[in-house]
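In our numbering, the protein residues as written are 330 to 423.
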């Protein structure tokens with residue numbers, strides 16, 4: 330499990346099977362560039378495929394957050410909460 334702490338003190342726990350979505354800004358819109366879990370649940374094993382599955386989940390999540398403008402949790406892209414990557418204070422394994 331990984332704990333993400335935000336600048337305002339809010340904490341977010343990411344389980345190994347939690348779906349994480351990454352978005353990059355594209356003009357006034359967001360483009361979904363990633364959806365998967367820490368374990369790579371949706372991974373097909375293609376060499377050019379993005380994956381955050383690592384032996385150290387904190388490293389995978391940290392790299393992911395540094396590469397996107399914002400992210401969300403869960404598969405419901407319509408109503409899930411978006412978090413700005415710049416609002417993250419710390420990331421740790423728990």
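All C-beta atoms in this analysis are idealised placements derived from N, C-alpha and C, irrespective of residue type, glycine included. None of these values were measured; they are calculated from a predicted model.
1. Rounded to a whole number of angstroms, what is the C-alpha to C-alpha distance between residue 409 and residue 402?
2. Could you pull out every residue in the same chain whose Cβ sits closer than 7 Å to the Cβ of residue 342, ignoring the five residues on either side in sequence?
3. Which word fits residue 352, buried or exposed, when buried means at least 16 other C-beta atoms lie within 10 angstroms of its C-beta?
4. Among 348, 405, 336 and 356, which residue has its Cα nearest to the Cα of residue 393?
5. Would you tell me roughly how many angstroms separate the C-alpha atoms of residue 389 and residue 421, rounded to the nearest one?
6. If you follow the alpha helix (DSSP H) that residue 394 is in, where does it begin and where does it stop?
7. Exposed or buried, residue 423, counting other C-beta atoms within 10 Å across all chains shown (16 or more means buried)?
8. Can you give the Cα-Cα distance for residue 367 and residue 414, rounded to whole angstroms?
9. Please return the same chain residues whose Cβ sits closer than 6 Å to the Cβ of residue 391, not counting the five positions on each side in sequence.
10. Quick one: which unbroken beta strand (DSSP E) runs of 3-plus residues sit fully inside the segment 342 to 372? Chain order, please.
Working from what's here:
1. Locating residue 409 in the chain shown gives position 80, where the first residue counts as 1. Locating residue 402 in the chain shown gives position 73, where the first residue counts as 1. If I take the Cα positions, the gap works out to 7 Å.
2. Position 13 of the chain shown, counted from the start, is the residue given in the question as residue 342. Hits under 7 Å: 330 and 332.
3. Position 23 of the chain shown, counting from 1, holds the residue named residue 352. Buried, because 16 or more other Cβ atoms sit within 10 Å of the Cβ of residue 352.
4. For this step, residue 393 is matched to residue 64 along the chain shown. Cα-wise, what sits closest to residue 393 is 348.
5. Translated into positions along the chain shown, residue 389 becomes position 60. Translated into positions along the chain shown, residue 421 becomes position 92. Answer to the nearest angstrom: the Cα atoms are 11 Å apart.
6. Taking the chain shown and counting its residues from 1, one reaches residue 394 at position 65. 386 to 396 is the extent of the alpha helix (DSSP H) around residue 394.
7. As a working mapping, residue 423 is identified with position 94 in the chain shown. It counts as exposed.
8. Reading the chain shown from its first residue, position 38 is the one you call residue 367. Reading the chain shown from its first residue, position 85 is the one you call residue 414. Spanning the two alpha carbons is a distance of roughly 17 Å.
9. In the chain shown, counting from the first residue as 1, residue 391 sits at position 62. For residue 391, where only same-chain residues beyond five positions count, the Cβ hits under 6 Å are 420.
10. 349 to 355 and 358 to 365
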